[in-house]
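Asks: Please see the structure below; I have some questions.
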Amino acid sequence: MHHYICLGGCEGVSEKEGKCQDPKCPDYQKDLKHCDCTDGKHDGAFEEKKKKAAQ
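If you're matching positions, the sequence shown starts at 1 in this note's numbering and goes up one per residue.
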């Protein structure tokens, strides 16, 4: 299923293309990233972001 995700920290998910709507997110009003995953893990996108933040 096609969907869009925010990689800015809020981990928002939307069925529609658009921009992050969470004013507390560092990526607020930035474009959401297209994702095709079927398992809900977003191809590890959130895990990679967390690993980088921990370093």
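From the three backbone atoms N, C-alpha and C, an ideal C-beta is built for every residue, glycine too. Remember, predicted model here, so these are calculated numbers, not experimental data.
With residue 2 as the anchor, note down where its beta strand (DSSP E) starts and where it stops.
Replies: That residue, residue 2, is in no beta strand (DSSP E); it is neither H nor E in DSSP.
Asks: Determine the direct distance from the alpha carbon of residue 11 to that of residue 3, and round the result to whole angstroms.
Replies: 13 angstroms
Asks: Hey, how far is the Cα of residue 32 from the Cα of residue 39?
Replies: 18 angstroms
Asks: Let me know the secondary structure DSSP gives residue 10 once reduced to three states.
Replies: coil
Asks: From the DSSP output, in three-state form, read off residue 22 for me.
Replies: coil
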